[in-house]
Every structure is written in C-alpha cells, then in structure tokens.
Amino acid sequence: MGATGATPRVSMTDVARRAGVSQKTVSRVVNGEPHVTEAIRAKVQSAIEEMGFRPNAAARALVTRRNQRIGMVTPSTSLYGPASILEGVDGALRGSGYHLSVARTRGNSVADLQAAVDELVTQDIAGLVLSEPIDLGHPDLRIPNGLPVLSFGSTKAGSPDPSATDAVARPDEFVMGADETAGARSAVEHLLALGHRTVHHIGGTEGWSATARRIAGWRAALSDAGVEAPPVVHGGWTPRSGHEATVSLLRRAGVTAIFAANDHMAIGAVRAVEQAGLRVSEDVSIVGFDDAPEAEFLSTPLTTVRQDFAEVTRVAMHRLVSTIEGRPPAERHRLIPAQLIVRESTAPPP
Numbered sequence: 091m092g093a094t095g096a097t098p099r100v101s102m103t104d105v106a107r108r109a110g111v112s113q114k115t116v117s118r119v120v121n122g123e124p125h126v127t128e129a130i131r132a133k134v135q136s137a138i139e140e141m142g143f144r145p146n147a148a149a150r151a152l153v154t155r156r157n158q159r160i161g162m163v164t165p166s167t168s169l170y171g172p173a174s175i176l177e178g179v180d181g182a183l184r185g186s187g188y189h190l191s192v193a194r195t196r197g198n199s200v201a202d203l204q205a206a207v208d209e210l211v212t213q214d215i216a217g218l219v220l221s222e223p224i225d226l227g228h229p230d231l232r233i234p235n236g237l238p239v240l241s242f243g244s245t246k247a248g249s250p251d252p253s254a255t256d257a258v259a260r261p262d263e264f265v266m267g268a269d270e271t272a273g274a275r276s277a278v279e280h281l282l283a284l285g286h287r288t289v290h291h292i293g294g295t296e297g298w299s300a301t302a303r304r305i306a307g308w309r310a311a312l313s314d315a316g317v318e319a320p321p322v323v324h325g326g327w328t329p330r331s332g333h334e335a336t337v338s339l340l341r342r343a344g345v346t347a348i349f350a351a352n353d354h355m356a357i358g359a360v361r362a363v364e365q366a367g368l369r370v371s372e373d374v375s376i377v378g379f380d381d382a383p384e385a386e387f388l389s390t391p392l393t394t395v396r397q398d399f400a401e402v403t404r405v406a407m408h409r410l411v412s413t414i415e416g417r418p419p420a421e422r423h424r425l426i427p428a429q430l431i432v433r434e435s436t437a438p439p440p
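Residue 91 is where the sequence shown starts when you use my numbering, and the numbers rise one by one after that.
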C-alpha cells in the first residue's frame, strides 16, 4: 500500500489558477523575468506563499542558467557567534533547492578575504554571504557585478552602525544582523539603573565590526547618563582574555560593574573576580553578550544580551534567495532586536 496522508506537490498550474493568471506568467515571476507588472507579480507571489509552492530546483536552474549554489565566507574559528551564523545559514537553506559552499579565512587581511571570495566565485555561485567579522571595508573587494551579496553586520570601514546610510556601497548588497549597538546600550542602562556609578568595558578584538558596535552602544549609554566612559580594555573573545582583562580592571579603584563584549570573556571575568576574593553580583556585577548555551548554567547565572541567530539567518537567507530569484527586498538594511536577559550576575553595588 502507498503512504496515506501525503501532501500533493503544488504545481505552477495550481499557482496560476489561484492567482488568476497564465502558467507562463507564474514562470516569469518565479524566474525573475521582466515584462510583469508589479501588481501581477505581487498577486502571484502572494499565491506562491499561501500555497507553499517550491519551484523544482533542476528545472529552475535550466531556465535561469544559474548555479543553485550560494557561497559563504566565514572565519576559521569555533567562536560562538560566527559558528552560530554558519549553522543558521546552513539550516535556512535546507529544502530551498540551494546548496552552500563555504570558504574559511585564516588571516585578517583584505587579501585573505579576497582569496576566499575568488575561490567561491570560480564555482559560479548565485549569491555571496560575507560572515567575515573583520571590518575591512567591503567596497575594496573585487566582486562580480550583479552577484547578490549579503553581509552579516559588516559595514563600510569606520561605520559601526549597519543601518547607516552609507553602510552598503553595492546596489546588489544588503546587510542583516542583530542590533548589537542597542543591545550593548541596554546592558549598560541595566547596570546604571541598579545604581552603579559607571560601567567598565571589556571589548572584543580590535578591528572587528562587532567590537565597534558594542563599544558604540556602551559609550552612548554612559554619555546619555552624563558619565564619562573609562578606557576600554580589549580582550580576544576567549575566557582567558576576559580573565586577563578583568585582572587589569580590578587594579583600578571602585570597579563595581563590568560589561564584556561576549559571554566567553564574561566567564573569564567571573573567574578573575572570584580569584580576587570578591563575589560576583554582590561586589562586582558582570554582563556578557550573545547568551551562549553555558551562560545560564554558571555557578552564578550570567546576565547577558541574547542575539537570535536563528531568526537573523532565517530572514537573511530568505532575502538573499528572493534577490537571486529577481525579488529583491525593498529595504537594504535590517536589524533584529537583541534582548537583555537578566540573571543573577548583576545587582546593586555594595
């Protein structure tokens, strides 16, 4: 006996009937062809979404003459943020008819990033994802005209804000990411609201766009409160670097609140505070960023800023695929809100 309860595959004919147009018009919309009015295109797209229609990948490739492959540049690292973005991109493409090719960078130079882009372009990719976190200024990269580009929070050099009007230089590039600046601001505002006179910051690796955005949010919150920002102590995203940075900070007088640019550095900060004979939250409050899986299971659960990597990558890849298929999004910048998660590592100052 055959399987029961199977859902029949929706065809172009079904979509055409629902939209009240010809099958040829549906084909033109699916393949991003011209000579379709915006009203008809919108009606067909609405029918596609309502019925869950997915074009046959092989047939679509023949019609559009595009490779059904998307290239992604990402650093060779196990850091939680970049690894979560890669996992999210891979998951978002499953069942889409597109396959993912990954090029990992080992260095931090423009040449390293360009080599990774060149490697992917030779594979005749349909779209390019730049997850490389180093803020090198993507306009300097050689990317073929007409190749859609998605950047995860990367901006033009010197602009920590991906929503800035000059953040994207290419007409076929768009930027997605969590609102790290607002997330950092919320962390600092939380500490100030508890009564801390200032907040010290352990920044990420210098040159990373995420580092710049989180510093910008920290500084903005202090400035709004009329508090002069103390010097940043930079770490390297690891627990060890957070530990070393905190040992340095605790040599300063009156440190009662620390905001670390990621959870792993915050974990190192917790250890340094305890080794100094102080208590986390009672003596020194600590906030991290990312909401890594281990954050809530520390001996003192960590207050942190949660980035919804799954939502960011889901929305981003939907937009990239839509752009590849001739339906680019109206907005070229999109920030997903980051959420402050308050746990036990923060309290009023002693």
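We put the CB at the ideal spot given by N, CA and C, even for glycine.
Could you tell me which residues DSSP puts in a beta bridge with residue i?
{"i": "M266", "result": "F242 and R424"}
{"i": "A350", "result": "I292"}
{"i": "M52", "result": "In the structure as shown, the chain begins at 91 and stops at 440. Residue 52 is therefore absent and cannot be evaluated."}
{"i": "M162", "result": "V192 and V219"}
{"i": "I376", "result": "I348"}
{"i": "G429", "result": "The sequence given here has Gln at residue 429, not Gly. Q429 is bridged to R396."}
Using the C-alpha atoms, what's the distance from residue j back to residue i?
{"i": "Q365", "j": "F349", "result": "18 Å"}
{"i": "F399", "j": "G181", "result": "11 Å"}
{"i": "A335", "j": "D353", "result": "14 Å"}
{"i": "I376", "j": "Q397", "result": "18 Å"}
{"i": "T288", "j": "I305", "result": "14 Å"}
{"i": "V200", "j": "P165", "result": "13 Å"}
{"i": "A206", "j": "Q213", "result": "12 Å"}
{"i": "R303", "j": "V402", "result": "17 Å"}
{"i": "F242", "j": "I215", "result": "18 Å"}
{"i": "D269", "j": "I357", "result": "23 Å"}
{"i": "S174", "j": "E279", "result": "27 Å"}
{"i": "M162", "j": "P438", "result": "44 Å"}
Relative to the C-alpha of residue i, which residue among the options is closest?
{"i": "P383", "options": "A406, G171 and E415", "result": "G171"}
{"i": "H286", "options": "T436, G307 and M102", "result": "T436"}
{"i": "L282", "options": "A311, E270 and R303", "result": "A311"}
{"i": "R404", "options": "G185, H324, W298 and T328", "result": "G185"}
{"i": "A362", "options": "S299, D269 and R330", "result": "R330"}
{"i": "L368", "options": "F143, D381, T390 and E415", "result": "T390"}
{"i": "Q135", "options": "Q158, Q113 and A109", "result": "A109"}
{"i": "H333", "options": "I292, S241, Y188 and L388", "result": "I292"}
Among residues of its own chain, excluding the 5 on either side of residue i, which ones have a beta-carbon nearer than 6 Å to its beta-carbon?
{"i": "E263", "result": "V239"}
{"i": "S168", "result": "none"}
{"i": "V116", "result": "M102, V105, A106 and V134"}
{"i": "P427", "result": "D269"}
Can you list, in chain order, the residues of its chain with a C-beta nearer than 8 Å to that of residue i? Leave out the 5 residues immediately preceding and following it.
{"i": "P440", "result": "T346, E372 and D373"}
Who are the near neighbours of residue i in its chain, counting only those whose CB is closer than 7 Å to its CB and skipping five residues on each side?
{"i": "R131", "result": "V119"}
{"i": "R424", "result": "M266 and V405"}
{"i": "P320", "result": "T288 and H290"}
{"i": "P234", "result": "V211"}
**Start-end ranges of the alpha helix (DSSP H) lying completely within the segment 299-369, minimum 4 residues** = For secondary structure counted as the alpha helix (DSSP H) over 4 or more consecutive residues, the segment 299-369 holds these complete runs in sequence order: 299-314, 329-339 and 353-365.
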